[in-house]
Structure formats: C-alpha cells, structure tokens
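Residue numbers (the numbering used here), protein chains in the order written: chain A, 569 to 999; chain B, 21 to 395; chain C, 198 to 475; chain D, 5 to 297.
Taking it in order: structure first as structure tokens, then the write-up.
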Amino acid sequence: MRTKSKLRLAVLAMAGALLAPVAALAQTVTMWTFLNPASETPRDRALKQIIDKFETANPGIKIKVESQVWFTLAEKFVMAHRSRSAPDIGWVNGENMGLLVNSGVAEDLGPLITSKWTPALRQDLVLPQAYEWVKTGGKQVAVPIMALSIVLFYRKDLMREVGIDPAGIKTWDDLAAAAAKMQRSNGPNVERWGVGMHLSTDKTTMSFGANALAAAQGGKLFGDKCSALLANENGVRALNMQADLIRKHKVASQESFAYTLDDVIEQFIAGKVALASSGNGRFGNVMEKATWNGKELGMLPWPSLDGKKPGPQIMSGWFASISKDSKQKEAAAKFVAYMTGPDGMEIWAEPGGQVPLFKSVFDKPVFKDAKYDPLRQLSQMWADAEVWLPAECNAARTFVDLNTATQRVVLGNVDPMAALREAEAASAGRQ
Amino acid sequence: MIEGSGASIEFRGIGKRYGETVALADLDLTIQPGEFVSLLGPSGSGKTTTLNILAGLISADSGSIMIGDTDVTYLSPDRRGIAMVFQNYALYPHMTIAENLAFPLQARGRNLSRLAIKAKVQDVADTLGIGHLLARYPKEISGGQQQRVALGRAMVRDPKVFLLDEPLSNLDARLRLKMRRDLKALHQRLRSTIVYVTHDQSEAMSLSDRIAIYQGGRLQQCGTPADIYRRPANAFVANFMGEREMNNLPGTVVQTGGGVVFKAEGLDLTLPSTLSGWARFHDRAVTLGIRPQGVQIGQRADATQCEAVLRLVEHAGTEQFFYAQAGGVELSGAAAPDTPLAIGDRVSLTLLSRELYLFDTASGAALVQGGDLAA
Amino acid sequence: MAVLRSAPLRHLLRGLVSAVIVVAALFPIFWGLMTSLKPARDIVTFPPSLLPATVTLEHYATIFKAGALGFLLNSLLVSAGTVALCIGLGALAAYGLARFEFPGKRAVLVAIIAVMSIPVASLLIPTYTLIAEIGLVNTHVGLILVYSAYQLPIVIWILAAYYQSLPIELEWSAMMDGYSRFQALWKVVLPLSRPGLIAAGLFVVVFAWNDFVVAVTLLSSEDTRTLPIGIYNFLGFYGREWGPLLAASMVSTIPLLVIFVVLQRYFMAGMTNGSVKG
Amino acid sequence: MMDGQRTPFQAYRYLLPALVLEAGFVFAPLALSLFYSVHRVRYYQLGDFNGVQNYLDVLSHRLFLNSFLVTCSFSLMALALTFAVGFGLALFLNRDTSGSILLRTIVLLPYVIAMLVGSMLLKWIFSTDAGLVPLAAAWFNITSPTILADPDYAMAAMVANGIWRDSAFAMVMLLAGLRSIPPNLILAARIDGAGSFMIFRRIMLPLLRPAILITLIRLLLHFANVLTFPLILTGGGPNNATETLALRIFRIGFEDFDLGKANAMAIVLCLFNIVAVILLLAVFRKTRGGQSL
C-alpha cells in the first residue's frame, strides 16, 4: 500500500503544479475582443492606441486583451459567464445580440455610463437608435463601439472600363447586368466573377436575398415574438433574385454556396470578383491589401427589387458589455466609456477607419480630408436607410435559414415557397 | 537398397550465408528413394537450414537441388511435391480437423470432388487413429493428437517426400517413444522418402535408415546409425552419438620398454598388445576417447587397466554410472545395476579395447579405433 | 516468397504503387508547405506554381507575432500531462484487467468498450458545464482530465493485451524474490512493456496534440490556448488568408512528425502484441 | 499473497483511479446530457422539465432525417474505402524492408497531423482559388467543377478526407493483426500447395477476423461521430449535403444555443452508435457461417 499512496501523492502533486493559476493583478481589466492589438490592421492599431492612451491617463488600470474568434465571441462570453470565468468586458456583435439580451449576463450600463452623459453629448449621437436598440427592460446591456452594416463594395476602375455609371444601378437587374459586363472568362474557366456572394450555411451574415427581402417588407424581417417573415411573395422574389445571379445570369460562381463572408472578401481582394458584399468595417483593410489599386474601391447603395428606394442598410456593429460577475465594474466601465466616447471615437475613425458615432468628432477639421469621404458616404447611407432588426431575435441563424432555402432551391430543386416555409419554421423553432 | 514410392533427393554444393555467418557450407548429399534420413545436430548446425532450402522456404546462395529427376532449386514450395510437418504443427486454428486435413487437397490445380476429398480425409484420419476427431478444432485436442493431424495433413496429398521438422519435440517423453514407433511403422508402410530434422540422437538412431550429422554449417558424416556410432568420422560425431559424452583424455602415445603407453595428465595407460600399432602416432598430440560403456569395474586380461577412486555414482535403472578419479583425470563408466558401489571405494578399472578411439587433438579427426583389430 | 520469380516487372509495379502512395499521402502537406512559403499575392494566382517563385517567411513571422509560440508550449504541456496521466492510470488498470479474475470484470470490460463508442461531440456541452462547476474550465488541468478520460480506454486496451503477451512467470519470480505485486509491475512488467507503452502513448499524443473540438469548448483565454485553437482562431482572424493559416498548420505538424518518425517502429511493435486478438 | 490479504476485489486497487476518472468525465457528463435532453435549456440557461419534447422536436425536423442519411452514407462510404485502402497498404507494406518502413511512416503522416490542419489542407486543395482543380479541369478540357459547392462532390471530398487521414489507422491495426498470425501457418499453407489467393482467403482473412472487426468498429465510430471533417472542410454544405449528426449537434448547441435539443440529439447519436456497432457485429457473425467447409 505504501507505494500506492506514494503514487497518489505524485499524481496530486502533478495536478497541483498544473493547477496553479496565473496570478491576476488587482486592477487588471480583462477584455475579450476579436481584434488583436499586436496585429497591423487599421482597427487593431486603433485599439492599441486607445488602450495606450487610456492606460497613460489611468495608471492604476491595466487593460488585458484576449483575442477571440469573432463568430464565437458572444457565445463564449455567455458560456464563460455561466462558469464564472467571464472577462470583465466582452465584445458582442450585433448578429449575436439576442444571446446577450436573452441570457441576462450583462450588467446594466445605464448607471455606469449612459446616465452620466450630458444632454449635449446625447444630442451629438450619430445613431441614437444604436443605443436604444440594446436596451432591454430599461437596462442598457451594451453600448456600441463601432456601427457596421453590410455594404456593397465595387471597383471604380472596372465600372469605368465597361462604361457603367454606378449611380444608375437601382434594381437588382441593373446589378446583374453590370456584373455580367465586368465578368472575365478564359475558355471554360471564369477568371473574374461579376459578384461574390456568401451563401454558405456556415458562419454567415446577411446576404443579397435577405437585403432584398427586407427592402420589400419595409425593412422588416421579423414579426411579433421574433417570428421570421420569409414565406411570402416577397420572399420568393428575393430568393429567386439571389438564385438567379448564379443559375440564370451566371455572374456568381456556384462556389458561392461554400463561401462565407470572409471568403468573398478574400476573393475581392484577389481581384477574382468585381462586386462583393462586406461589412463596411473592412473598407480600410481591403484598400490596403487589394491586389489592384486600392484607391478604386467604392461603396454602392443597395439596389432593390423595384428600384424606387435603395435597399436597407441592415445595421449591426460591435458592442461592449460588462459582465455581471465582474469584480471591477467601475474600472471596466471607465474604459468602456473612454473607448466608446468621443475620444475613443476619434481614434476609431483614424487610424481605425470607422464612422465615428459622435457628430462633433466628424466635424473636426482633420476629418475634412477627402480620404474620409467614404466614411461620410457611409453615414449618409445609414441616414437614408438605417434598419435595426430586433435585438432579441437570433437573426444570424435566420440569415443562414435563408441561405439554406436558396441552396435547397438551386441544388435540391425544391419549390421556393416550400423552402421558405421550412426556413421560417426553422427560424421560429429556435427563437 | 530400399525401393519405395518416394523420390530421391540430391543436394549439390548447396551453400547459404547470412552476412558473415555461414549457415550451410557446400552441402553434397544424396538421399535414396524411400529412405528415412535424419538430419542431426545441435541448434544452429545447419540441419534446419537444409530442410528449409529443400522445402523452398528459403533460397540457397549456391548449388542445386534435385527431387527425383526434377531440378527444384528455383521452384516454389507448392510445386516441389513435398509435404512438411512443422515443429509446432502449424495447424490452422480456425479450421476443424477435417478442414485442416482437406486444405492441401483444395489447393489450386487439384480438381478433386467434394466427395473425393471427404473420402481421402476420412481415410488418412482412420490410418492415424484420429477419425473420431474430425469435427473438433485444434485447440480442443491433445498434443499427441495434434501431432497426428499435422502428420495427416502431410500424408493426405501422397507426397513423394516428407519433411519433418522436430515433430516429436513438443511431446512428453512417453508419448514421444510411442510416436517414434508409429512413425517407423508408417514409414515401413508408405515407403516415402522422409527427411527428418532432430537434435535427439536416440530418435535419429532408432528411426533412420541413415543419419546426416551436422556441426557449424557443415555436414560431418552421413551413414547408417551403426556406422556412425561405431565409426565416427571425428570427435564431434563420436561425442554427439550415444546417451552420454565420451571420456576424452588429451595426451600422447609413447613406446616404452613395457609396451605402448598412453600418457594423460597424471595417468599412464598401458595399451594391450593388440593395439601396439598405435605407436605410430607418437609424434602428435592425440586424444583418447572412450564411451562410458567401455569403462568397467574389475580386471580383464589383455585390456587397459588403471586404479581409481569412486567420486560419484548414479543409478539409472538398467545400469549404474559412476565417476572415478584416476591420476589427474576423471573417468566415467558403467556398471551392472546390482554391483555394490560406494563413494570413496578404490576400484580397478578396465578400458575395453574395442571401445577405444584415438583422435587428432587439433583437428578432431578420427585416427584409429580399438574395434579395428587390423589396426 | 523468396523463391525467385525474378521479374523486373514486379519491381516496376511495386515502385509505381509506392510512388502513388507517397504522392497521395504527402501532396496536400507538401502543397500546404509550399503555399505557406509564398508571398500573399502569389498564393491566389492562376495557374498556381508548385514551388514558390520567391520564398518568404512572412507568414511564419505573422503567426509567431500573434502568439503561436505560447500556443505551442501550451500544447506541449497539455499533451505531456495527458500522456503521463493516461499511462499512469492506464498501466495500473490494464494490470488489474490482465492479471485478475474478479467480480464485475465483464462490466468493466463493457464499460471500456462503451466509453470508446460514446461520441465526443455528444459530451461536449455537459462536460463543459461539469468542468465549469468544479472550476476547471479554461485550465490545462481540466483539459488534461477530459482528454485522459477519453483516451484511457484505448490505453487500457492496448496495455492489457500487451501484458497478457508477457509470461506471468516473470512476475511470479519477482515476487518470489521479495517484491510486492505492485513493485513487480513497476520493475518487471512495465520495463518489458515499453513498446506497448509507447504505442499507447502515441495514440494519446495524436489525440491530445491534435484535438480542437474539446479544447475550443473548454478553453477561452489566450493564455491557455493550444495550437489547434490558435489555428482555428487564425481562421477567424485572417479569414481566407491561407499564408498564415498554413504556416501555423506546418508549425503544429512538425513536433508530432518528429516524434512519430523516431518512434514508429515501437508503434508497430506495441500494437502487434495481442491488441488485435480481441 | 505477499502484498496483503488476497480478496476477489484486489483488482479494483488497480482499476479504481481509472474508473473514477471515467465516471467523472465520461459517465457523469453523459448523465447530465440525459438530464439536459429532457429540459428546456435556452441560451445556456437551464429551464423547465419538458419530457420528450426535445426528442420529438429534433426527430421531426426535416434536417434530422437529412443528417441521419448523410451520416449513414458518409460512414459507409468512408468505412468501406478506408478499410480497403488500409488493408491494401497493410498487405503491400507488410514486410520489414527499409522501403516499407519508410512508406509506412509516410502514410502515417496524414494520420498524425491535426485533423483540423488536414481538413484545411484538403479544403485548400479542393477550393477553386488554389487553382489546382481548374488546372486539372483544363487538362481534361472540361469546365472546372466547384467541388465544395456541389452536393455530390462535397460528399466525395469529405470521404476523400476520411480515406486520406484514416487509411493509416486501418493499416496499423491490420498490420498488427497480420503480425499476430504465426508465420509457420503461412509457410505450411504454401507447402500444402495453396497459392497466394487461397492463403489470403482461407488462412489470413479468417485469422484476421478479430483485427478486422476491431478496425471496422473503431473506424465506424470515428466516421459516424466525426465533427472536424464537415466543420472545416465543407461547413456541412452545400444544401446540407454534408451536415452529419455530429455537426448538427454542434450547430444546435453552439449556433442555435439550444442545449436541450442538442443533448437530445447527442443521446440519439449515442443510440445510433450502439445500433451501428450491433449491426456490424451481426453482419460479422453471419459471415462466419460462410467460411466453413
């Protein structure tokens, strides 16, 4: 028996050694974000600057960043909360806001941040709805860091080449025609597709069809109690429009069904597609990395089915929330307030390339430069067509349902209405 | 010469090396049709290599092999018309005895009907007395029965040549004796050529028409059991044959006034007059060999004598073996079972002349022996 | 068999099949390696070039800047811990199974088979809850314990078979010589079982080093992240930037390759003794 | 006994630590899974008991049948081909020549590198962007197929992923089986006049039965439950053509945030495994009759 207890001791000792937790400093605020301050993209650099400036101004507080994959960030935050290992601050993307709102893991930021605002600051907001959007039961569960929408990227050089005026693209048919002109083939192989679509059922977000449908329904995708509004005439038209880009107009690769948003952007950067949807947040990144002249990057307002009004800008973005379990809510709130306040916004705009969420920041002389025109254009587009889908609904997966329906129609030869009914049921099943 | 249904086998200059090691050196050996030949030797002596080359399991580096009139040197095992019984029987564990026996008959190119196979299997099984075991699996029968199945699997094809690789070594002593007898009887009846590998000299002696004895990859001698026992070609063969090792006394032969004397360490043995011719070996280092059976208690006329003290006595049923100190050497000898022997007794020993051998110490080659009175 | 059916045709055929095997097995890895050495702009050009026109280590620099070294160390720690725990507990348990008849033996054997057939995917969520409950979520210990629980059955299975192939007389004689049963296991059985231990250890390493499904669930912070999670995150950070992704993949592959190339003969020998005899 | 009183329970002194670990980290989560599966668990928050509702929900979903069939067809195809290739490799590389040893090591590489990495490498090869597929298509002068966006090709790609990675596993197991056949038996059969095919069919195959069975069971369980292949290589698409049961569990749990249903599905997958193994055993038992004389 002696040898055995020795063995047990050894096992315990080994376990103990591994268990020894990393000692945490008293005033270290941990933040989960999808950015990586050590990296070089514009937004990464902006975050680094914000943290540096904040830490200089507040020597007692250290901000520790732990980078996560963007598409699992929200769920990780909620799960970590359940296991009492959540960070103080967690970033949540708009598509997954339902998770945050429904799970109740976020501290009310009203008393900590927004109630401290001056009336002047309130008047200064570019997107007041972004704040209202993440209020539930009077509680402010998060505040916006950057607003994003899925926009249409295009290449000015290609448009010029084929002689199309971007302003003339009003309907989806216009878009298909423009795309067809910009497409380049070499024998049986297409070297450059007209449009890049992300129709995968994996890690996805709003696609063309979802935008068209929302436009046709006056900006609505959900009815009461998060029931998705898909299976109707508009839905069929939107779905067919999306599917026709592949099967009829042949301006999008069938591989679209395997593409995620990331894939499409990579294609666009590589010059393999002429038009692509993307989060506007990547504008700077695309410009920098493009294998063509990045200055030729432009944004189009969304077309619509009838061409009367541009399609909606379905708003999303990154939001900051503070865990209810945080032991240092005050310090965390201080940083969040800084990061999302006017000072932080200036850095998000330059070098971050984001639309600052305070008008006063945009009015500063430095932002008069032409290189900020895209940001101005964006905020104009938002003003024209801003739409917020209900925060409490699991919208991200409803977009997937719509993609699934499109795949069913094109690859499975299912009737569009039937496919949409399935999608609607699937969406309802998870709310 | 025995005539039979077996085929002759001829090894011509067969050699096999593994790197620096010579497994078999330049083997020439002819086996007559129907002959039972044992390959005898210690492990690593080349006997199993010979068998495996004959079976086609390994290929020779040089030389050729004939079975009957066919040169089989480059033939695969299944085309040599041989059958083999392995030391551990190599019964197929997943087949019943019947299936095991039928297996060789189902091999490619043997278009036998189901019925014919069945009849043949039954026939062979009955011959070997295992007809009642056909439905069982190998692990369900005894070692002796497994041995018979292995034999039966070899017999079922009526091969011209049987190869048996120490087939009795996994059996207990009594069963081994019984199987030995059965095997002999079987050979008498079948008259196939049998090549039998063993390291047990008594097995080889009792079974074989001829014995080929190996050492260090070389064939030392090939002859009838009596021949090999009586006329060993060298000290190794002489020592290997027989239940017990010979007494080996290194020394010299000298001619003195009293006759021819063999001088060993601290012991002078005066040879009888019949062996006076041995004086001609006076100029070389020789070894006097004598089997224990040739060392007896008591005095006899015209035989070599010496005085000794008994050191150890073993009773072995039919006889007694003793070890006695004579001068500087120890001699082992045999006595009748009822002879009173006690340790410490002083005895007179007689060394029977016909049991005396003289070997060249350096080469081990036999020079002369007491049985050859002409010498 | 050795009896000469000397045909150069056979050699040619063998060589051809071998070549096909090598290409099929290695091409994806080779292609990944070459891609990881190409500058970003060359990666997506058509037609693709097999070898990089210009070799760059920029992608490797990128991933090491993003903390790949830390992930590598975490993976080493977790793998080593899992192997140690699995072998430790497995060697004991396998001995119990190999050398004793006891009530409940059948139940234990069935349980071992059962554990091998439970899908890891189905346990992820409750395991997370449980691990969180005992405060081991986002720790290496938690991961090691879970990995070990998943891999112990195969370790026990391999080792029990290996022990059974060893003559029990060796232990008996050790016990005659005054060793306790446990000491006999430690001093006689285990040293003789080295191939079995290595084979079992390699199975465990392959799992622990490569797993990402379990780790992605149980780990959250950057400090604890193992290499596959690091790579999975690169997938999120860099999207389709194949350069850094493939560079990270190559980095994750090298340590295991080395281990396997060195130990592969033990791997075969350890599996050979009895573990497939049921 | 020398080290204390011998009892029938002595063995448990050796087994206990392992049993405790299994109980804690396999059986307890399994029990918890069962518990969750009969509760409403939304957004990682335990809700009310709701009986078999979760089971009814997941089983009645259109995609359940789809993923069930996908899992079945993927498992069977991957199993058959991987086993065949693995067996071929084992026979081809059975001898211990230095060439065989080198080849065995090479074949093992896809098995030892991370599944995630392997699947990513293959995705890179199969994607149109890498240029290999269009290049190959150009050789044959056909339109370049979009492998990952075509339901059939995507399934084929996943099966290829399985073969590429796991043939080595089958090879190792079967080689081990081959090694456990006493060489004498093969020699004896050869001398008994059996040709290579007969030796293979009558001696090797029957004696390999345990090894074959274990290989098949482990491969089947691996394929039926594999998550990484569809998650990384195909994302379950297109048109859910490669969405296996395991991926669906993952999706329901981590994308729909419905742990109740995910666990119900997990229990269903467990049962699927058990049934699959029982079926395999039954098929195996049946074939046994055929080999007798």
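Quick reminder that beta carbons are idealized off the backbone N, C-alpha and C, glycines included.
Just to confirm, is the Cβ distance from residue i to residue j under 8 angstroms?
i       : j      : result
A:N1004 : A:T772 : Absent from the structure is residue 1004 of chain A, since the part of chain A shown begins at 569 and ends at 999.
D:G264  : D:S41  : yes
A:M556  : A:I657 : There is simply no residue 556 of chain A to check, as chain A begins at 569 and stops at 999 in what is shown.
B:E285  : B:G384 : no
B:L47   : B:L183 : no
C:C283  : C:V459 : no
D:I185  : D:A82  : no
A:I619  : A:P605 : yes
B:L49   : B:H219 : no
B:L148  : B:L171 : yes
B:I34   : B:I51  : no
A:S845  : A:L720 : yes
Return the bridge partner residues of residue i from the DSSP annotation.
i      : result
B:E334 : B:F341
B:A355 : B:Q340
C:M447 : None; C:M447 has no bridge partner.
D:V62  : DSSP lists no partner for D:V62.
A:G662 : DSSP lists no partner for A:G662.
C:D420 : C:D420 is not bridged to any residue.
What residue does the alpha helix (DSSP H) around residue i start on, and which one ends it?
i      : result
A:R728 : 724 to 730
B:P270 : Premise fails: B:P270 lies in the beta strand (DSSP E), 267 to 276, not in any alpha helix (DSSP H).
B:T370 : Element bounds for B:T370: not the alpha helix (DSSP H) but the beta strand (DSSP E), 366 to 371.
A:L797 : Careful: A:L797 lies outside any alpha helix (DSSP H) and carries neither H nor E.
Along the chain, where does the beta strand (DSSP E) containing residue i start, and where does it finish?
i      : result
B:V306 : 306 to 310
B:C242 : 238 to 243
B:Q389 : 386 to 389
A:G764 : 757 to 764
A:S889 : 881 to 890
D:A142 : Note, D:A142: premise wrong, no beta strand (DSSP E); alpha helix (DSSP H) at 136 to 143.
A:M599 : 596 to 601
D:P51  : The sequence given here has Gly at residue 51 of chain D, not Pro. Per DSSP, D:G51 belongs to the beta strand (DSSP E) from 49 to 53.
A:A844 : 841 to 847
B:G279 : 279 to 284
Using 10 angstroms around the beta-carbon of residue i, count the other beta-carbons present and answer buried if the total reaches 16, otherwise exposed.
i      : result
B:H152 : exposed
D:S200 : exposed
B:S296 : exposed
C:L247 : exposed
A:V904 : buried
D:F144 : exposed
B:N254 : buried
C:M373 : exposed
B:E334 : exposed
B:R177 : buried
Return yes when the C-beta of residue i is under 7 angstroms from any heavy atom of the ligand NAP, and no when it is not.
i     : result
D:V30 : Here there are no bound small molecules, and the ligand NAP is not part of this structure.
Positions along the stretch 733 to 754 of chain A whose CB lies within less than 8 angstroms of some CB in chain C: If you check each beta-carbon in the stretch 733 to 754 of chain A against every beta-carbon of chain C, none falls closer than 8 angstroms.
message: Output needed in chain order: residues of the stretch 257 to 283 of chain D with a Cβ under 7 angstroms from some Cβ in chain A.
response: Under the 7 angstroms Cβ criterion, the stretch 257 to 283 of chain D contributes F258, E259, D260, F261, D262.
task: Quick one: which residues of the stretch 183 to 200 of chain D get their C-beta closer than 8 angstroms to a C-beta of chain B? List them in chain order.
output: P186, N188, L189, L191, A192, A193, R194, I195, D196, G197, A198, G199
- request: For the stretch 106 to 132 of chain D, enumerate the residues whose C-beta is nearer than 8 angstroms to any C-beta of chain C, in chain order.
  value: L107, R108, T109, I110, V111, L112, L113, P114, Y115, V116, I117, A118, M119, L120, V121, G122, M124, L125, L126, W128, I129
query: At a Cβ cut of 9 angstroms, what residues of the stretch 812 to 831 of chain A count as close to chain D, listed as they run along the chain?
result: S821, Q822, E823, S824, F825, A826, Y827, T828, D831
field: Within 9 angstroms of chain B by C-beta, residues of the stretch 203 to 225 of chain D in sequence order
entry: R206, I207, P210, L211, R213
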